[in-house]
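Asks:
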Amino acid sequence: MNNKIEAVVFDLDGVITDTAHFHYLAWKQLAAEVGITIDEVFNERLKGVSRMDSLELILQEGNRENDFTLTEKEEMAAKKNLHYCDLLKQLTANDVLPGILELLAKIKAEGLPIGLASVSKNAGTVLKALELEDAFNFIADAAKIKRSKPDPEIFLTACEGLGAAPVRAIGIEDAAAGIEAIKASGMFAVGVGKSLQGADYLVDSTNQLDWDKIKETYEEWLKNSIK
Ligand code: B16
Ligand code: MG
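Numbers 1213 to 1439, taken from my numbering, label the letters of the sequence shown in order.
1) Considering only the alpha carbon of each residue, which of Gly1390, Lys1406, Ile1382, Asn1255 lies closest to Ser1417?
2) Any chance you could list the alpha helix (DSSP H) runs of at least 4 consecutive residues sitting entirely within the stretch 1222–1271, in chain order?
3) At which residue ranges does the stretch 1328–1391 contain complete alpha helix (DSSP H) runs of 4 or more residues, listed in the order of the chain?
4) Could you check if Asp1424 is buried or exposed, using at least 16 other CB atoms within 10 Å of its CB as the buried criterion?
5) Select from Arg1257, Lys1259, Arg1276, Glu1252 the residue whose C-alpha is nearest the C-alpha of Val1246.
6) DSSP beta-bridge partners for Gly1403?
7) By how many angstroms is the C-alpha of Phe1348 removed from the C-alpha of Ala1329?
8) So, for Leu1324: in the same chain, excluding its five sequence neighbours on each side, which residues have a beta-carbon less than 8 Å away from its beta-carbon?
9) At a Cβ threshold of 8 Å, is Ala1401 touching chain D?
10) Would DSSP call Ile1326 helix, strand or coil?
11) Just to check, is the beta-carbon of Asp1307 closer than 7 Å to a non-hydrogen atom of ligand 2?
12) Could you tell me whether any non-hydrogen atom of ligand 1 is closer than 7 Å to the CB of Leu1267?
13) How about Ala1232: is its Cβ closer than 7 Å to a heavy atom in ligand 1?
14) Output the boundary residues of the alpha helix (DSSP H) element that contains Lys1292.
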């Protein structure tokens, strides 16, 4: 069995760029409108979680999960999204997180296909603002995904789209739900951030994503996984 990597799949929010802060600001305002206070610690739980699931978590936090109809909840989610899209107008190519362009270039130079597994329905807008629309060989369509992270569906879809076996693919994530999704898909998980239990390789920030080290750790992991 060779050690060939067949694909690398990136999360978007929190890995390619820091839109997590914009999501936080938009949710914080929406939550305040219904009398719920959220802070940055709580916001960690929203990372990688879909729009409607995020709203449910916020309502639960304020013990208001039974206070709204589905239509009202959809209106609240739409309102948050309008605010988020407004904040996204500030995003430019300078907002790609440190080390990401270099990492993408190294992977591309080795001829490896690169995928995107973001559950954000705004992923296209974000990539356009970052001028990264052509950086990915396959972008999993969040609108077609039935189950949000931590379900592996979006990572499995990305692997399939790139023609890669999950065990031959590396996923990069900043959220606990995302790491869980990568592991459930059978891929090698690279975590960016703190307290990402279950990551096979963990760094504090994107500028520490060293491609040679990732490959080395992946090869060790593969040897142990196929023992
Ligand atoms: P939207 P990722 C996720 O993106 C975000 O981390 C999460 O906070 C957000 O709620 C979700 O996208 C849905 O985003 O409201 O834009 O559809 O981390 O999977 O790239
Ligand atoms: Mg993320």
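Where is the CB? At the ideal position from N, CA and C, for every residue including glycine. Computed from a predicted model, the values in this text were never measured in an experiment.
Replies: Inspection of the coordinates gives the following:
1) Lys1406
2) With a minimum length of 4 residues, the continuous alpha helix (DSSP H) runs that stay inside the stretch 1222–1271 are 1232–1245, 1252–1255.
3) Fully enclosed alpha helix (DSSP H) runs of 4 or longer: 1335–1342, 1365–1374.
4) exposed
5) Arg1276
6) Glu1385, Leu1414
7) 10 Å
8) Ile1217, Glu1218, Ala1219, Val1220
9) In summary, chain D is missing from the structure at hand, where a single protein chain is found.
10) strand
11) no
12) no
13) yes
14) Boundaries of the alpha helix (DSSP H) around Lys1292: 1282–1300.
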